[in-house]
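Respectively, the protein sequence lines represent chains F and H. Residue numbering for the first sequence follows numbering that gives the first Met the number 0, starting at 0 and increasing by one per position. Residue numbering for the second sequence follows numbering that gives the first Met the number 0, starting at 0 and increasing by one per position. Every residue, glycine too, gets a C-beta built ideally from N, C-alpha and C.
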Amino acid sequence: MSRAAGAAGRGAGGGGGGPPGLAAPLRRCLPGRGRAGGFWEATLAPRVLAAYRVSLVTSLVAASLNAVFGLLVAWVLVRYRFPGRRVVDALVDLPFALPTAVAGIALTTLYAENGWLGARLAPLGIKVSYTTLGITVALVFIGLPFVVRTLQPVLQDLEAEIEEAAASLGATRWQTFRRVLLPALLPALLTGFALAFARAIGEYGSVVFISGNMPMRTEIAPLLIMTKLEQFDYAGATAIAVVLLLMSFALLLCINVLQWWSRRQAA
Amino acid sequence: MSIGVQGLAKRFGGFEALKNVSLEIPSGELVALLGPSGSGKTTLLRLIAGLERPDAGTILFHGEDATRRDVRDRQVGFVFQHYALFRHMSVFENVAFGLRVRPRHLRPPEAEIRTTVTDLLKLVQLDWLADRQPSQLSGGQRQRVALARALAVKPEVLLLDEPFGALDAKVRKELRRWLRRLHEEVHVTTVFVTHDQDEAMEVADRIVVMNEGRIEQVGHPEAVYEHPATPFVYSFLGNVNLFHGRVAEGRAEVAGQEVAMPDWAAGLDRDAVAYVRTYEVELAREPNGSPAIETVLRHVRRFGPMVRLELDRVEDGQVIEAEVPRARFEELGVGRGERVYVKPRSARLFPR
Chain F
0 MSRAAGAAGR GAGGGGGGPP GLAAPLRRCL PGRGRAGGFW EATLAPRVLA
50 AYRVSLVTSL VAASLNAVFG LLVAWVLVRY RFPGRRVVDA LVDLPFALPT
100 AVAGIALTTL YAENGWLGAR LAPLGIKVSY TTLGITVALV FIGLPFVVRT
150 LQPVLQDLEA EIEEAAASLG ATRWQTFRRV LLPALLPALL TGFALAFARA
200 IGEYGSVVFI SGNMPMRTEI APLLIMTKLE QFDYAGATAI AVVLLLMSFA
250 LLLCINVLQW WSRRQAA
Chain H
0 MSIGVQGLAK RFGGFEALKN VSLEIPSGEL VALLGPSGSG KTTLLRLIAG
50 LERPDAGTIL FHGEDATRRD VRDRQVGFVF QHYALFRHMS VFENVAFGLR
100 VRPRHLRPPE AEIRTTVTDL LKLVQLDWLA DRQPSQLSGG QRQRVALARA
150 LAVKPEVLLL DEPFGALDAK VRKELRRWLR RLHEEVHVTT VFVTHDQDEA
200 MEVADRIVVM NEGRIEQVGH PEAVYEHPAT PFVYSFLGNV NLFHGRVAEG
250 RAEVAGQEVA MPDWAAGLDR DAVAYVRTYE VELAREPNGS PAIETVLRHV
300 RRFGPMVRLE LDRVEDGQVI EAEVPRARFE ELGVGRGERV YVKPRSARLF
350 PR
């Protein structure tokens, strides 16, 4: 169910074709069937609202981090030649290839209080596993390739001469980035952000291990859907999914409008 | 502003792009760096601009050491072969860029930017395209925008890297003439890189011929063409035929012909290479007594006032190119596959 929501979200990010499977859950929730009260009950329960919040906030933070660091990674991979560049380039795809459950278990092991990274962070008072920070870490891992792979071709297409031209006209490095490079990269950057965000909203496998799934605190919406399904509360699960879907739609629509606007600026 | 270059060297990995190059460019001159690809001409230009750092040597602007000065502070306008326009900005904003990025206290007020940019667009005859995006312009128009953009910062030196290389022949010819006129108008020291000898000849006050990271010859276009200093310059400027000969006791023997070489030291006895321009070849149907090279006519290309011939030397199959006026060719009356006797009218010899 959670995968379906994620896939539908990605479909919207890719171009806006009607997501398959939307009609069935919607029909189940139509007021005509006398279940309207049940719908709101299922979607407005405090535990559900908390889960939406966790999902939305961690996804937005993770996608934003990915936009920044994905740009850096793409930049380094395109503009610099260093030993091991091809290996790093191949590693970017790792989150695509790795089963998400494996990624989740690996991250949990790394960041657990007795894990490699967790043990070093614990003395600093930073706890990653079983917190929203852990969820964000997992979502960053899963979303990075989306940003890197969308930006790479655009960066490749952007000649280094553009930067040299700006420098010869007296622009500082920052002015060159802000006025020349960023406007050219913005449409691709937004696309990468949207893809990473859509993936994060629907992500399940890599998150459930590291999040600890504490109700009201580290429980994500897709997990709640699973829980409802296991309790045979199909209507409740569907209701949560529908809201998640609508949120994804709304956000992706915003991003598409932004993209359309920034493309028009760049055209 | 005058430019001085002393003992400049640059290598990229294992490739020596520039080897100990020295050059003086007087203020206000229009200079062409001419050479084949890989000759180091673009590297020299980029070093002058400050886009690369030299491994050795100094660059002087106005007699002042500018070797370590950053591109931003060099006051150079640089024009790239592929324009390097900012795609997301209008033509107007492209030209205004250099003024808008100045620190606040040096930035001219908006009204002044507007007049400066409009004047520059008028100068390049594109003021009617100010609101267009670069993608809506033709190649020639884009390069003119790039030029206006470079001029906007009032550069002391204008540097152009193969500025017309990406344009078609007709536009290229127009822009050459136009660059010449522009230089007469703004009179800023200008250096441009080209591999096209016609372009260099037509536009520049002085030509710097480069080869394999070194300067072969510097001089006025006519002087360089008439008196090439090295075999390379001879073969690079214009079409030439190459003959192997021998020099002995002040006389040279080229292709069976005796050529007097009074300026060669007596007693010098060595192999030499003779260069003969394609239009310095005499053709005849009969050997007429004197020694001549026996050839067979292979190809005839008639266009313009000259007829170009390709001749195969009978002795060793060497291809000899010749250019003769149309009338002379008609008079000769030879067809393809017929015998023609070739005599070099004059030759330039270089010892081997």
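Asked	Found
Beta-carbon spacing of H/Ala326, H/Leu310 below 9 Å	no
N-terminal and C-terminal residue of the beta strand (DSSP E) that H/Pro350 is part of	Arg347 to Pro350
Any chain F beta carbon closer than 9 Å to H/Ala149	yes
Test item: CB-CB of F/Met246 and F/Leu55 under 9 Å	yes
Short CB-CB distance (under 9 Å) between H/Trp284 and chain F	Checking the sequence shown, residue 284 of chain H turns out to be Arg, not Trp. Judged by the 9 Å Cβ criterion, H/Arg284 is not in contact with chain F.
Cβ contact check for the region 55-74 of chain F and the region 167-175 of chain F: 3 or more pairs under 8 Å	no
F/Gly83 in three-state terms, based on DSSP	coil
Test item: CB-CB of H/Val116 and H/Gly139 under 9 Å	no
Local conformation of H/Gln196 per DSSP, three classes	helix
Chain F within 9 Å of H/Gly164, Cβ atoms only	no
Three-state secondary structure assigned by DSSP to H/Ser26	coil
Short-range partners of chain H found in the region 139-163 of chain F, where Cβ spacing is below 7 Å	Glu158, Glu160, Ile161 and Glu163
Sufficient close CB pairs (3 or more, under 8 Å) joining the region 119-128 of chain H to the region 141-149 of chain H	yes
Nearest to F/Tyr79 (by Cα), restricted to the options F/Gln151, F/Leu250 and F/Ala49	F/Gln151
Same chain only: Cβ atoms within 6 Å of F/Trp115, ignoring 5 sequence neighbours per side	Leu109
From H/Leu29, H/Leu84, H/Pro304 and H/Ser21, residue whose alpha carbon lies closest to that of H/Glu198	H/Leu29
Counterpart residues of F/Asn113 in DSSP-defined beta bridges	F/Asn113 pairs with nothing; no bridge assigned.
Simplified DSSP assignment, three categories, for H/Lys9	strand
Beta-carbon spacing of H/Arg391, H/Ala273 below 9 Å	Shown here, chain H extends from 0 to 351; a query on residue 391 of chain H therefore has no answer.
Exposure label - F/Ala118; buried when at least 16 CB within 10 Å	exposed
Validate contact between the region 187-207 of chain F and the region 143-150 of chain F using beta carbons, cut 8 Å, 3 pairs	yes
Identity of the residue in H/Leu17, H/Leu296, H/Ser134 and H/Phe328 nearest H/Phe302 by Cα	H/Phe328
Inter-stretch contact at 8 Å, needing at least 3 Cβ pairs: the region 153-172 of chain H / the region 105-112 of chain H	no
Secondary structure, alpha helix (DSSP H): runs of 4+ residues fully inside the region 125-211 of chain H	138-151, 168-185 and 196-202
Three or more C-beta pairs below 8 Å linking the region 66-86 of chain H and the region 44-52 of chain H	yes
Proximity to F/Leu243 [Cα-Cα], best of F/Pro214, F/Phe196, F/Val256 and F/Ser261	F/Phe196
Cutoff 9 Å: F/Ser167 Cβ touching any chain H Cβ	yes
Local Cβ density within 10 Å of H/His87, reported as buried at 16 or more and exposed below that	buried
Through-space distance from H/Leu32 to H/Glu92, alpha-carbon basis	31 Å
Where H/Asn238 sits in the DSSP three-state scheme	coil
Below-9 Å beta-carbon distance, H/Gly76 vs any chain F residue	yes
Segment contact flag, the region 35-53 of chain F with the region 123-130 of chain F, C-beta cutoff 8 Å, min 3 pairs	no
6 Å Cβ shell around H/Arg300 - same chain, five flanking residues per side excluded	Arg307
Classification of H/Pro220 by the beta-carbon crowding that lies within 10 angstroms, buried from 16 upward	buried
Pick from H/His243, H/Val208, H/Gly56 and H/Gly212 that is closest to H/Gly228, judged by C-alpha positions	The question names Gly, but residue 228 of chain H is Ala in the sequence shown. If we check each option's Cα against that of H/Ala228, H/Val208 comes out closest.
Check whether H/Ala8 and H/Gly49 have beta carbons under 9 Å apart	no
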